[in-house]
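There are 2 protein chains.
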Amino acid sequence: MSPKITTELLKQLRQVMKNPRYVQEPVQAYIVPSGDAHQSEYIAPCDCRRAFISGFDGSAGTAIVTEQHAAMWTDGRYFLQAAHQMDSNWTLMKMGLKDTPTQEDWLVSVLPEGSKVGVDPFIIPADQWKRMSKVLRSAGHDLVPVKENLIDTIWTDCPQRPCKPLITLDLNYTGVSWRDKIVALRSKMAERKVMWFVVTALDEVAWLFNLRGSDVEYNPVFFAYAVIGMNTIRLFMDGDRMMDPAVREHLQLDSTLEPEFKIQVMPYGSILSELQAVGAGLSPKEKVWLSDKASYALTEAIPKAYRYLTPYTPICIAKAVKNAAETEGMRRAHIKDAVALCELFNWLEKEVPKGTVTEIVAADKAEEFRSQQKDFVELSFATISSTGPNGAIIHYKPVPETNRTLSVNEIYLLDSGAQYKDGTTDVTRTMHFGTPSAYEKECFTYVLKGHIAVSAAIFPNGTKGHLLDSFARSALWDCGLDYLHGTGHGVGSFLNVHEGPCGISYKTFADEPLEAGMIVSDEPGYYEDGSFGIRIENVVLVIPAETKYNFKNRGSLTFEPLTLVPIQTKMIDVNLLTEKECNWVNEYHQKCREVVGAELERQGRHEALRWLLRETEPLARVQ
Amino acid sequence: MSPKITTELLKQLRQVMKNPRYVQEPVQAYIVPSGDAHQSEYIAPCDCRRAFISGFDGSAGTAIVTEQHAAMWTDGRYFLQAAHQMDSNWTLMKMGLKDTPTQEDWLVSVLPEGSKVGVDPFIIPADQWKRMSKVLRSAGHDLVPVKENLIDTIWTDCPQRPCKPLITLDLNYTGVSWRDKIVALRSKMAERKVMWFVVTALDEVAWLFNLRGSDVEYNPVFFAYAVIGMNTIRLFMDGDRMMDPAVREHLQLDSTLEPEFKIQVMPYGSILSELQAVGAGLSPKEKVWLSDKASYALTEAIPKAYRYLTPYTPICIAKAVKNAAETEGMRRAHIKDAVALCELFNWLEKEVPKGTVTEIVAADKAEEFRSQQKDFVELSFATISSTGPNGAIIHYKPVPETNRTLSVNEIYLLDSGAQYKDGTTDVTRTMHFGTPSAYEKECFTYVLKGHIAVSAAIFPNGTKGHLLDSFARSALWDCGLDYLHGTGHGVGSFLNVHEGPCGISYKTFADEPLEAGMIVSDEPGYYEDGSFGIRIENVVLVIPAETKYNFKNRGSLTFEPLTLVPIQTKMIDVNLLTEKECNWVNEYHQKCREVVGAELERQGRHEALRWLLRETEPLARVQ
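Heads up: the sequence lines are chains G and X, in that order. Just so we're aligned, residue 42 is where the first sequence starts under the working numbering, counting upward by one. Just so we're aligned, residue 42 is where the second sequence starts under the working numbering, counting upward by one.
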């Protein structure tokens, strides 16, 4: 992978930073955040402005360009990738390391006195604006909104914003109608005494209306906003997608409805002016509820006294707790996904020794097997198909320049998932198609111990996920090892593969407590730069736990793995497992056999079934 | 324990809340925080205003009195105690429970429109003022500083502020002279480009000048502030203690010193006006460093643009990392403390069956044995000597009304510690002098497993203590049990038994990373209301850990127990321990034997030595 040459682009950007056509006053620094106007993690090509200017296309990162410097902040998952993709114009700022300055502190250290720092107010979240603005102001600088996006002014071949057809989801998939979701939302609004709720996150709009789209790759969402009043529903969305009879029927656009359920459809681009009108028409005590991560532009549309900002919206929290229909859908999706992976691994086992399977071939083959499954829609993220040293690049995606051939001498790490109409999957398995070294097995086994420690953890109701993070690391820590990423993220139901408000990470504190029905990933890892990567990931469902006692009647929770794909026993050093851990593996494999075995049988996939049976032979500990 | 009758006092307080002699405008609510002007946890009798008005004298709690209500916020350690000590005028607000409103939210819910909420600006920390003020303002109310403390106006027999003689500590105890501490502080100030540092916490003043006092019971501190400039040192302190030749010599008050080390001693009460003078004389860019927990009054003395506020001061952080002299002192103190406790437990074992030992008698006996040890100064906190149901009152202190007799039928919990000139101790042991039930042993063993999980944990450099909290709970959680307090706190070196900036608690996120040389407690517990309490507490030193590998060269840490008192093996259900845990107990007891045994021998305490040897017999697991 050769880095993008950005000398000319940076020159152009530095020119527009001083061009009165775009900025009222010259800006001495310009911030290019990662997200789009909805603070999405995965973004459409037209929103990949940070990748355009820097070459670094990981899912998280913020670029800041000053007259002298260009710097990129990203986290441990992307240190290697960013270093590979950026040319020498750029300085990599490794977030999470002790000596790395924050963006604000860095700006203060490099800017001349009284500088202006520009940013697109539609792209920067309000909470981030506030934090940066405060630090900059106290150092004598100013954060200023630049209405026209400066990257767009120099991006001559910027693609169009997508506007693809919609998918409607019926009750079998969603469990709750959009009307009932609106009713529940309004009751939360009444509780907090707010009159309006502004839906800015794309997955929240999709979830609320039981619609899905494909405007953004991997995330089944569509560009839209919604503003929900106690008696009105406004949906801001472009295109002819509203002409689709199925969508009109689903949203009951042509039916006689009680006025409070009548949806007014408005142009996507009119959200700011409509919101400004709402803001201007508020009576005292009429509050407007927004996420504190909504864009600075939309937040500013509501006068400060009328804003009610929370880190997590009621939709975000409701969406995270899956109902019975969604949970059953997720189970089905994971069984189908396991069928596809059994086929894949069986195929790899035969093909890898021939020396013809590259990372890209393997990824394509995984997609091919998944696409054979019922209700398959697309992948849920770019497949991480990585062998040997590529496995240590945590969010690696194979491209022709880096594409490595799988062999019987290197560890292979596959982190992949799909969107099915009934659920979203995300699974990582680490395999060896030859004979792993003792050291590789040792590291794999520590990671497995961490995986089991989280998966089998029992904890009281009300526990936040971040309190479980250290369980995943303990076995690694004992030997002086660790991994530089969180342990788990929330997973949507035929929605974004990463979603809030829960997760398992030492980095956050503001996560919402885990509740029965929430779904998260459990994915500890270990990475040795230049050598190999190991990660074991299941998607797990939070379920009530039976315990011997019940302190203060709080009740307990634990996890049930939804992912049912064998964990390669060849990689396990059984003598490093406790009896309990050994039993966990055997029971997990027994469940894979029963549930996925039955489905393989039903689909007539006999060879994959034989592979499954062989790979799920019980472990035996040497006593 | 009968509650304090507060009807008349509340009536008087509500009168002064409207009395123009004390308030510019009537206040509809008055906040009585827990602390003193230094935000101390342990306070002098003259500062026990919250206890005076409510009767509740636990170490943490905030009272708010409105015209209609009187409410008390406290945490899980004190729910039972507060309920016992307060009469029906008071509503107990149980912090940490889901449905308990914050103080601000509660005020907003009960106050009439446009209310004024009063508070003593010297008592409320600036960060808390800011948070409350913001919420109140956004709900149309005002937080206002009331200069005269309203409790003091009705507290007719309020005791005098103490002003006791000082103790000087030489290099054998402190390892670093006060001059070198000033030099180090000024270098931190230069790093952050601040010109002044205001020392507001009593233990920080004491640490900085290598002085100790006894103005506050249990904490060897004295009422003082200090303001350190790049070339000046001002110490604000009352009394003739400055006439003591030892103190004058120690501070070199009469020597010819470089001017930047010349200490100006000023009256304690002049801090505000002196600080206002400093604030008025600042040139642009001259910042003043304060803790964000300094009082609102002192913080306001410095114009906002000149303030540099941090949650932890450089003194707080330097003080937490003990040097070799301090560590050795702490070791010595803990050996002497163990000698006293071996004597005590040996004595209890003989006396308890006679039915004559009450909780108070046992506490007094513990103090007696401790006071026989070299360099004993005082206790480090009020001894928690509790048997049976009293053990479930987490911060119980025996008083005549509650005093229970120890028996062979109930669990006895003793949480106690002392100040020695060379170190501070804090140890909890839970004993049974008869035959514990299987259930009591089971619970004790889970707590022990949690204690060991923390004590034996290995974790990377840079890990914050809160990430270890769940290790202490895991065994309890597995059975549906838990405890409602943190797992550990920082411990001072002949200073406060609770100190920041590190600790082990799920409640905090802003703790500083653990470093070699820091000292914390490890004290999981289990409490069954109305039945018993179990806690096992050691003070432990953070030390480098040897590990097989060393990921990213970060290095690893672990803990070394400084406390060396046997853990009652009679209470352990050995079959619930893993082999590793069993070995930990045996190795710990072996060390108690060797180290404390030698000291018992040296002191000629042969009976206690025999007790120690018997109590440290190795555990044997049934295989």
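Glycine residues also receive a C-beta, built at the ideal position from the N, C-alpha and C atoms.
What does residue i touch in chain G if you count any residue whose Cβ is under 7 Å from its own?
i: glycine 521 of chain X; result: Thr588, Lys589, Tyr590, Asn591, Phe592 and Ser597
How many Å lie between residue i and residue j at the Cα?
i: valine 64 of chain X; j: threonine 141 of chain X; result: 30 Å
i: serine 129 of chain G; j: lysine 52 of chain G; result: 14 Å
i: proline 67 of chain X; j: lysine 234 of chain G; result: 29 Å
i: lysine 59 of chain G; j: glycine 159 of chain G; result: 11 Å
i: tyrosine 590 of chain G; j: serine 515 of chain G; result: 26 Å
i: leucine 455 of chain X; j: proline 659 of chain G; result: 49 Å
i: alanine 459 of chain X; j: threonine 466 of chain X; result: 5 Å
i: valine 57 of chain X; j: valine 73 of chain X; result: 14 Å
i: aspartate 378 of chain G; j: serine 336 of chain X; result: 59 Å
i: methionine 230 of chain G; j: serine 75 of chain X; result: 36 Å
i: glutamate 154 of chain G; j: alanine 70 of chain X; result: 45 Å
i: arginine 595 of chain G; j: threonine 604 of chain G; result: 28 Å
i: alanine 167 of chain G; j: proline 344 of chain G; result: 13 Å
i: tyrosine 629 of chain G; j: threonine 469 of chain G; result: 15 Å
i: tyrosine 524 of chain X; j: glycine 475 of chain X; result: 25 Å
i: leucine 298 of chain X; j: tyrosine 83 of chain X; result: 36 Å
i: isoleucine 435 of chain X; j: glycine 320 of chain G; result: 51 Å
i: phenylalanine 302 of chain X; j: glutamate 369 of chain X; result: 29 Å
Any C-beta of chain G sitting closer than 9 Å to the C-beta of residue i?
i: lysine 14 of chain X; result: Residue 14 of chain X is absent from the model: chain X starts at 42 and stops at 664.
i: glycine 503 of chain X; result: yes
i: lysine 33 of chain X; result: Outside the displayed span of chain X (42 to 664) sits residue 33 of chain X, for which this structure offers no information.
i: serine 179 of chain X; result: yes
i: serine 511 of chain X; result: yes
i: threonine 115 of chain X; result: no
i: alanine 433 of chain X; result: no
i: threonine 619 of chain X; result: yes
Under a CB-based cut-off of 9 Å, is residue i close to chain X?
i: threonine 471 of chain G; result: no
i: tyrosine 119 of chain G; result: no
i: phenylalanine 550 of chain G; result: yes
i: alanine 479 of chain G; result: no
i: tyrosine 547 of chain G; result: yes
i: alanine 346 of chain G; result: yes
Quick check on DSSP: helix, strand or coil for residue i?
i: alanine 665 of chain X; result: Lying before the first or after the last residue shown, residue 665 of chain X is absent from chain X, which here runs from 42 to 664.
i: valine 306 of chain G; result: strand
i: leucine 50 of chain G; result: helix
i: aspartate 1 of chain X; result: Residue 1 of chain X is absent from the model: chain X starts at 42 and stops at 664.
i: aspartate 168 of chain X; result: helix
i: arginine 470 of chain G; result: strand
i: alanine 70 of chain X; result: strand
i: glutamate 419 of chain G; result: strand
i: histidine 375 of chain X; result: helix
i: tryptophan 625 of chain G; result: helix
i: tyrosine 487 of chain X; result: helix
i: tryptophan 114 of chain G; result: strand
i: proline 607 of chain X; result: coil
i: methionine 236 of chain X; result: strand
Going along chain G in order, which residues have a C-beta closer than 9 Å to the C-beta of residue i?
i: isoleucine 499 of chain X; result: Ser515, Trp518, Asp519, Cys520 and Gly521
Which bits of chain G does residue i rub up against, with CB to CB less than 8 Å?
i: lysine 222 of chain X; result: What lysine 222 of chain X touches in chain G: nothing, since even the nearest Cβ is about 24 Å away.
i: leucine 508 of chain X; result: Asp510, Ser511 and Tyr547
Can you pull the chain X neighbours of residue i, defined as C-beta to C-beta under 7 Å?
i: lysine 139 of chain G; result: Gly503
In the DSSP output, what is residue i paired with across the bridge?
i: isoleucine 665 of chain X; result: Chain X is shown only over 42 to 664; residue 665 of chain X falls outside these bounds and no answer can be derived.
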